[in-house]
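S.K.:
Protein chains in written order, with my numbering: chain A, 10 to 345; chain B, 41 to 193.
(1) Does the segment 142-150 of chain B come into contact with the segment 158-178 of chain A, if we say contact requires no fewer than three beta-carbon pairs (one atom in each stretch) closer than 8 Å?
(2) Under 8 Å between beta-carbons, which chain A residues line up against residue 48 of chain B? List them in chain order, please.
(3) Determine, using beta carbons only, whether residue 185 of chain B comes closer than 7 Å to chain A.
(4) What residues match up with residue 114 of chain A in a beta bridge as DSSP calls it?
(5) Going by the CB atoms, is the gap between residue 231 of chain A and residue 15 of chain A shorter than 7 Å?
(6) My understanding is that residue 310 of chain A touches residue 268 of chain A, with C-beta atoms under 8 Å, so please give their C-beta distance in whole angstroms.
(7) So with CB distances below 8 Å, who are the chain A contacts of residue 148 of chain B?
(8) Name the residues in the segment 123-155 of chain A whose C-beta lies less than 8 Å from a C-beta of chain B; which are they?
(9) Between the alpha carbons of residue 46 of chain A and residue 40 of chain A, how many angstroms are there, rounded?
(10) Output needed for residue 186 of chain A: all residues of its chain with C-beta closer than 8 Å, excluding positions within five of it in sequence on either side, in chain order.
(11) Nearest by alpha-carbon distance to residue 164 of chain B: which of B/150, B/175, B/177, B/53 is it?
(12) Going by alpha carbons, who is nearest to residue 352 of chain A out of A/58, A/48, A/73?
(13) When you check each C-beta in the segment 94-119 of chain B against every C-beta of chain A, which residues fall closer than 7 Å?
(14) So for residue 140 of chain A, helix, strand or coil by DSSP?
(15) Quick one: measure Cβ to Cβ for residue 295 of chain A and residue 176 of chain A, integer angstroms, because I've assumed they're closer than 8 Å.
(16) Let's see if you can read the secondary structure: which residues bound the alpha helix (DSSP H) around residue 338 of chain A?
(17) Taking CB distances under 7 Å as the criterion, tell me whether residue 246 of chain A reaches chain B.
(18) Where does residue 171 of chain A sit, in a helix, a strand or coil, going by DSSP?
(19) Can you give the Cα-Cα distance for residue 325 of chain A and residue 73 of chain B, rounded to whole angstroms?
(20) If the cut is a Cβ gap below 8 Å, which residues of chain B does residue 348 of chain A touch?
(21) For chain A, is any of its Cβ atoms less than 7 Å away from the one on residue 52 of chain B?
(22) Per DSSP, which residues does residue 271 of chain A bridge with? Please list them.
(23) In three-state terms, what does DSSP make of residue 200 of chain A?
Okay, here's the thing in structure tokens:
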């Protein structure tokens with residue numbers, strides 16, 4: 010077996026790459042939520058003075074990338090690769106942003122799991138000496154996602170308690186060996202798991218089996234238990250999805266207890282009418298690049314496992330009756 | 041699909057059903073009644089106002105409908121109708137102002153893709169099925185009526 014593999018699905022890094030800089034940006038609804046204090050830049054107007062939501066999203070993304078670069082001594086030309094993804098068709102936010110940056114671009118799509126997918130791929134490149142500096146950035150925008158996946162913004166629909174609210178924001182991180190920062194020590198890329206959930210307003214339920222599958226595989230591969238981590242942070246399962254996730258993990262023999270937090274379920278406050286919680290590529294991205302990294306510097310967390318979840322479907326697939334598949338990628342971030 | 045995978049799926053489906061929160065029926069019905077009732081009361085006031093003018097009964101109905109449709113479109117344009125529906129649910133969706141909202145909301149949304157391929161083509165993306173099946177339903181009902189009562193009936 011390849012030297013840097015561990016168990017069936019996990020990669021262990023020989024020279025763990027560090028997240029030397031991270032930047033986060035989001036809108037006013039996100040500021041008023043539970044993670045508001047962990048966001049670097051708040052924009053008062055989610056439309057970013059742009060004519061369309063799609064343009065607003067890519068402006069958020071571009072700005073957060075510039076802010077992450079500004080925290081380092083690095084220039085755009087020092088970044089070897091920009092790995093990124095978003096929710097919009099053909100990942101237009103990321104690719105148009107890459108056009109304006111002029112950094113070699115690797116576009117990925119893992120739905121809301123894109124940030125961890127990117128961190129994993131970036132860490133492989135840095136650890137393998139294929140790159141010195143890699144930039145990872147993802148974004149999502151409520152208005153743009155609603156238009157693409159659901160209905161026109163002003164339409165008279167009542168959101169269900171189980172439906173989730175796409176986070177408007179973006180986050181970026183820079184991976185390298187030079188400098189100081191929390192290390193990426195392991196990545197467990199997940200399988201696509203589908204237990205037949207068909208309703209697009211039950212995305213948390215559709216993704217929970219994938220999250221449970223990747224988590225249990227990670228524990229088995231690395232011979233760890235929940236006790237080895239200060240925090241197990243899932244992506245955007247939402248309040249209902251996280252209950253199912255905890256149920257499934259319990260059936261597999263692991264009790265998570267207070268170690269587990271779900272970014273989506275905790276993102277907004279109850280009075281913000283966000284249904285089961287936040288979602289979108291920016292959700293766990295803000296959780297990792299904002300909440301986790303800042304709390305690591307404060308000393309609250311030393312070693313965490315971030316488990317980003319994505320729902321792999323399109324409006325076309327569910328209208329044709331296909332079930333919604335889920336994926337989850339787990340990354341270990343260590344600041345000891 | 042092999043049997044065990046099928047069993048796993050149906051077992052998970054049961055877990056999902058058990059964890060799905062029950063809608064707050066009493067609250068939803070009360071709010072729908074209030075919002076829908078308010079819209080209908082407004083429409084009745086408009087109807088009464090038009091009745092005072094020298095119009096036929098049919099003309100009064102038409103003028104009332106046109107007024108409520110226009111109001112629905114304006115309130116949608118101001119970005120308020122969706123907030124009304126978020127609380128009032130079907131109370132805001134069922135009256136004709138809700139139908140007006142579906143067209144206005146789609147028109148506003150797709151305008152960014154241009155007047156031709158955006159707004160023009162996609163304005164009826166929500167209202168379209170209502171119109172299509174409304175017409176089909178009307179056609180079938182008329183056919184049945186014709187079969188029993190003949191053309192003169």
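Ideal Cβ placement from N, Cα and C applies to all residues, glycine included.
M.R.: With the structure as the only source:
(1) By the Cβ criterion, the segment 142-150 of chain B is in contact with the segment 158-178 of chain A, since at least three pairs of Cβ atoms, one from each stretch, lie closer than 8 Å.
(2) Scanning chain A for C-beta atoms nearer than 8 Å to the C-beta of residue 48 of chain B yields 204, reported in chain order.
(3) Under the 7 Å criterion on CB atoms, residue 185 of chain B is classed as non-interfacial with respect to chain A.
(4) Paired residues: A/91.
(5) At a Cβ-Cβ threshold of 7 Å, residue 15 of chain A and residue 231 of chain A count as neighbours.
(6) Contact check for residue 310 of chain A and residue 268 of chain A: beta-carbon distance about 11 Å, past the 8 Å limit, so the pair fails to qualify.
(7) Within chain A, the residues 161, 162, 163 have their CB atoms less than 8 Å from the CB of residue 148 of chain B, given in chain order.
(8) Answer in chain order: no residues at all.
(9) The straight-line gap from Cα to Cα measures roughly 7 Å.
(10) The answer, listed in chain order, is 24, 26, 27, 135, 141.
(11) Taking each of B/150, B/175, B/177, B/53 in turn and checking the Cα distance to residue 164 of chain B, the smallest one comes out for B/150.
(12) What the structure shows of chain A is the stretch from 10 to 345, and residue 352 of chain A is not part of that stretch, so it cannot be assessed.
(13) Going along the segment 94-119 of chain B in chain order, one finds 116, 119 with a Cβ nearer than 7 Å to chain A.
(14) The answer is coil: DSSP assigns residue 140 of chain A none of H, G, I, E or B.
(15) 7 Å between Cβ atoms; contact.
(16) Element bounds for residue 338 of chain A: not the alpha helix (DSSP H) but the beta strand (DSSP E), 334-343.
(17) Under the Cβ distance rule, residue 246 of chain A does not count among the residues neighbouring chain B, no pair being separated by less than 7 Å.
(18) Coil, per DSSP.
(19) Rounded to the nearest whole angstrom, the CA to CA distance from residue 325 of chain A to residue 73 of chain B is 35 Å.
(20) The requested residue 348 of chain A does not occur in the structure, where chain A is confined to residues 10 to 345.
(21) At least one C-beta of chain A is nearer than 7 Å to the C-beta of residue 52 of chain B.
(22) DSSP output for residue 271 of chain A lists A/243 as bridge partner(s).
(23) Three-state result, residue 200 of chain A: coil.
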